[in-house]
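So in numbering that gives the first Met the number 0, spot 245 of the sequence shown is number 244, and the numbers just go up one at a time. All C-beta atoms in this analysis are idealised placements derived from N, C-alpha and C, irrespective of residue type, glycine included. Data first, discussion second: the structure below is written as structure tokens.
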Amino acid sequence: MYHRTLKKTLEKVSQAFPVLLLTGPRQVGKTTLLELCADDNRTYVTLDDLDARNLAKNDPALFLQNYPLPIIIDEVQYAPELMSYIKIAVDKDKRNGLFWLTGSQKFNLMSGITESLAGRVAILDLLGLSHAETEGRGENNIPFLPTEVWLNHIKPTLTKSKNMIDMYQHIWLGSFPKLHENGEDIRDIFYRSYIQTYIQRDVKDILKISSDIDFMRFLTAIAARTGQMVNYADLSRDVGVDNKTIKSWMSVLETSGLIYLLKPYYNNLSKRLIKNSKIYFLDTGLCSYLTKWPDAQSLANGAMSGAILETYIFSEILKSYWHQGKEAHFHYYRDADQKEIDLLIETGDTLYPVEFKRTGTPSLHATKHFSVLKKLGKHIGTGAVICFVEKDIFLSETVRAIPAGYI
Numbered sequence: 000m001y002h003r004t005l006k007k008t009l010e011k012v013s014q015a016f017p018v019l020l021l022t023g024p025r026q027v028g029k030t031t032l033l034e035l036c037a038d039d040n041r042t043y044v045t046l047d048d049l050d051a052r053n054l055a056k057n058d059p060a061l062f063l064q065n066y067p068l069p070i071i072i073d074e075v076q077y078a079p080e081l082m083s084y085i086k087i088a089v090d091k092d093k094r095n096g097l098f099w100l101t102g103s104q105k106f107n108l109m110s111g112i113t114e115s116l117a118g119r120v121a122i123l124d125l126l127g128l129s130h131a132e133t134e135g136r137g138e139n140n141i142p143f144l145p146t147e148v149w150l151n152h153i154k155p156t157l158t159k160s161k162n163m164i165d166m167y168q169h170i171w172l173g174s175f176p177k178l179h180e181n182g183e184d185i186r187d188i189f190y191r192s193y194i195q196t197y198i199q200r201d202v203k204d205i206l207k208i209s210s211d212i213d214f215m216r217f218l219t220a221i222a223a224r225t226g227q228m229v230n231y232a233d234l235s236r237d238v239g240v241d242n243k244t245i246k247s248w249m250s251v252l253e254t255s256g257l258i259y260l261l262k263p264y265y266n267n268l269s270k271r272l273i274k275n276s277k278i279y280f281l282d283t284g285l286c287s288y289l290t291k292w293p294d295a296q297s298l299a300n301g302a303m304s305g306a307i308l309e310t311y312i313f314s315e316i317l318k319s320y321w322h323q324g325k326e327a328h329f330h331y332y333r334d335a336d337q338k339e340i341d342l343l344i345e346t347g348d349t350l351y352p353v354e355f356k357r358t359g360t361p362s363l364h365a366t367k368h369f370s371v372l373k374k375l376g377k378h379i380g381t382g383a384v385i386c387f388v389e390k391d392i393f394l395s396e397t398v399r400a401i402p403a404g405y406i
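In structure tokens, the structure reads:
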């Protein structure tokens with residue numbers, strides 16, 4: 000059992016809101032986390048159970064009578080009819096923490112949530128296991144910033160640092176809890192089943208996809224482009240469907256927590272900034288499976304080694320925010336002169352620039368584009384190059400090299 004970073008935030012939020020909604024992809028541990036936080040008097044019901052689902056849809060009032068409060072309702076997206084009855088229940092009973100809901104189809108959930116439960120519900124996002132959680136330091140993890148404060152907090156919790164191949168083994172395996180419990184022997188079976196039973200089923204419920212082959216071609220094309228800027232025309236040509244369909248499919252993958260579209264930083268001070276988003280697959284194991292890398296060694300030495308490392312580090316930084324219940328104000332920078340910065344973390348009026356590099360000997364040259372940020376009218380905080388150095392070192396007075404294993 001891994002200690003999930005989100006546990007502390009979840010317990011705190013539940014004391015302040017009558018309804019808590021935990022969203023995220025299937026199989027990332029949402030139900031396990033809620034059951035871990037629940038005491039013995041909390042009822043549990045899943046709407047994967049067809050009898051419970053039919054009752055919730057056809058007679059929501061009777062459903063809530065059958066299952067006493069407080070309650071966990073798993074996969075609540077299958078019965079949006081429940082939302083207005085949950086509102087009635089929490090308006091009548093003023094206690095906080097009455098309803099804990101999970102949903103793996105966020106695109107189905109949000110309209111009912113915003114209409115019926117506005118002001119009554121706290122929404123938290125859970126992704127797969129973070130690197131910190133698999134190392135047993137999830138409880139002490141905090142949102143990443145390349146600052147002295149973050150380093151001083153993280154370094155006492157670190158275990159033995161991973162070498163490059165160890166890191167790629169972690170990347171290749173992925174972040175789903177079941178794989179970390181059962182090992183790599185079941186990896187291919189797990190991902191094949193995951194695609195067949197979860198992604199295709201859930202997404203096809205929404206999109207009414209007629210061709211499984213087209214959608215699998217789309218998934219593979221997205222995985223192969225992780226860490227790259229989105230080009231809808233290019234994707235449309237490779238997949239064989241129109242731009243409108245690509246955008247619709249992409250939107251569903253994003254809202255279901257399988258991909259993240261990183262927006263470019265843009266303000267009115269510069270008209271020469273690129274406006275396309277970058278795409279990141281949020282589970283590197285699934286991404287590696289879709290792009291057919293047979294083992295960690297081939298992935299580390301292959302054409303995707305840089306892109307998959309960037310994807311992994313980005314997703315780990317994102318988890319450090321989401322698993323604390325924090326918003327991630329992330330961007331990347333690219334202008335018409337091809338100057339690019341992998342990640343900008345915005346906090347208040349400060350931008351923290353971050354580069355991801357597959358090297359053990361970073362140089363200050365890796366941060367050559369950080370200086371372009373001065374023209375954006377924001378305060379520029381300390382920067383970082385996240386790479387395979389053995390320990391954090393200064394590259395300059397304002398830039399550190401940070402080991403990927405710290406994240």
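- Message: If we require 3 or more residues per run, which beta strand (DSSP E) segments fall completely within the stretch 103-165?
- Response: 120-124
- Quick one: is glutamine 14 buried, meaning 16 or more other Cβ sit within 10 Å of its Cβ, or exposed? exposed
- Query: Which residue from Glu132, Pro145, Thr156, Asn151 puts its Cα closest to that of histidine 169?
  - Reply: Glu132
- Query: Which residues share a DSSP beta bridge with tryptophan 99?
  - Reply: Leu19, Ile71
- Query: Grouping DSSP H, G and I as helix and E and B as strand, with all else coil, what is aspartate 233?
  - Reply: helix
- Item | Residue ranges of each beta strand (DSSP E) within the stretch 11-66, 3 or longer | 18-22, 42-45
- Task: Assign glutamate 396 to one of three DSSP states: helix, strand, or coil.
- Result: coil
- Given threonine 8, which residues of its chain have a CB within under 8 Å of its CB, disregarding the five upstream and five downstream residues? Leu123, His322, Gln323, Gly324
- Item | Pairwise C-alpha distance: isoleucine 385 and phenylalanine 175 | 24 Å
- Message: Using C-beta distances below 6 Å, list every residue in its chain close to leucine 317, excluding the 5 sequence neighbours before and after it, in chain order.
- Response: Ala327
- Message: Below 8 Å on the Cβ atoms is my contact criterion, and I expect asparagine 275 with valine 229 to pass it. Report the Cβ-Cβ distance as a whole number of Å.
- Response: 6 Å
- Task: Mark threonine 31 as exposed unless 16 or more other C-beta atoms lie within 10 angstroms of its C-beta, in which case mark it buried.
- Result: exposed
- Euclidean distance between Cα positions of threonine 290 and valine 148: 38 Å
- Task: List the endpoints of the continuous alpha helix (DSSP H) containing tyrosine 320.
- Result: 304-321
- Pick out whichever of Tyr84, Phe16, Ser83 has its Cα sitting closest to the Cα of arginine 94. Phe16
- Item | Whole-angstrom C-beta distance between valine 27 and glycine 182, which should lie under 8 Å | Incorrect: roughly 18 Å between the Cβ atoms, too far for contact.
- Message: Let me check understanding here. Comparing Cα to Cα, which of Ile164, Asn139, Lys159 lies closest to histidine 152?
- Response: Asn139
- serine 255 to arginine 224, Cα distance in whole Å? 18 Å
- Span of the beta strand (DSSP E) around lysine 277: 277-280
- Indicate whether the contact test is met: 3 or more Cβ pairs, each with one atom in the stretch 95-104 and one in the stretch 291-309, closer than 8 Å. no
- Query: Going along the chain, which residues of its own chain have a beta-carbon closer than 6 Å to the beta-carbon of arginine 25, five neighbours each way excluded?
  - Reply: Ser103, Tyr197
- Message: Check for me: the beta strand (DSSP E) holding alanine 383 runs from which residue to which?
- Response: 382-386
- Item | Per DSSP, cross-strand counterpart(s) of phenylalanine 329 | Ile344
- Message: Would leucine 144 and tyrosine 351 be called neighbours here (beta carbons separated by less than 8 Å)?
- Response: yes
- Taking phenylalanine 62 and leucine 81 to be in contact with their CB atoms under 8 Å, please state how far apart those CB atoms are, rounded to whole angstroms. 7 Å
- Query: From this set, Gly376, Lys377, Leu342, Thr45, which residue's C-alpha is nearest threonine 366's C-alpha?
  - Reply: Leu342
- Task: Quick one: grab the DSSP three-state call for threonine 360.
- Result: coil
- Task: Determine the direct distance from the alpha carbon of lysine 243 to that of threonine 22, and round the result to whole angstroms.
- Result: 26 Å
- Message: Short of 7 Å in beta carbon distance, which residues of its chain neighbour glutamate 315, apart from the five on each side in sequence? Order them along the chain.
- Response: Ser129, His130, Ile406
- Residues in its own chain within less than 8 Å of threonine 42 by CB, not counting five upstream and five downstream? Tyr66, Pro67, Leu68, Pro69, Ile70, Ile71
- Query: Would you report the Cα separation of serine 395 and glutamate 345, rounded to the nearest angstrom?
  - Reply: 21 Å
- Closer than 8 Å to chain B by CB, lysine 356: Among the protein chains of the structure shown there is no chain B, as only one such chain exists.
- Task: Name the one or two DSSP bridge partners that valine 353 has.
- Result: Leu342, Ala383
- Note down, in chain order, each residue of its chain lying with its Cβ closer than 6 Å to the Cβ of cysteine 286, except the 5 sequence neighbours on either side. Ala222, Thr225, Phe280
- Does the distance from the CB of proline 142 to the CB of serine 370 come in under 8 Å? no
- Item | Contacting residues, own chain, Cβ-Cβ under 6 Å from tyrosine 264 (five flanking each side not counted) | His330, Tyr332, Leu343
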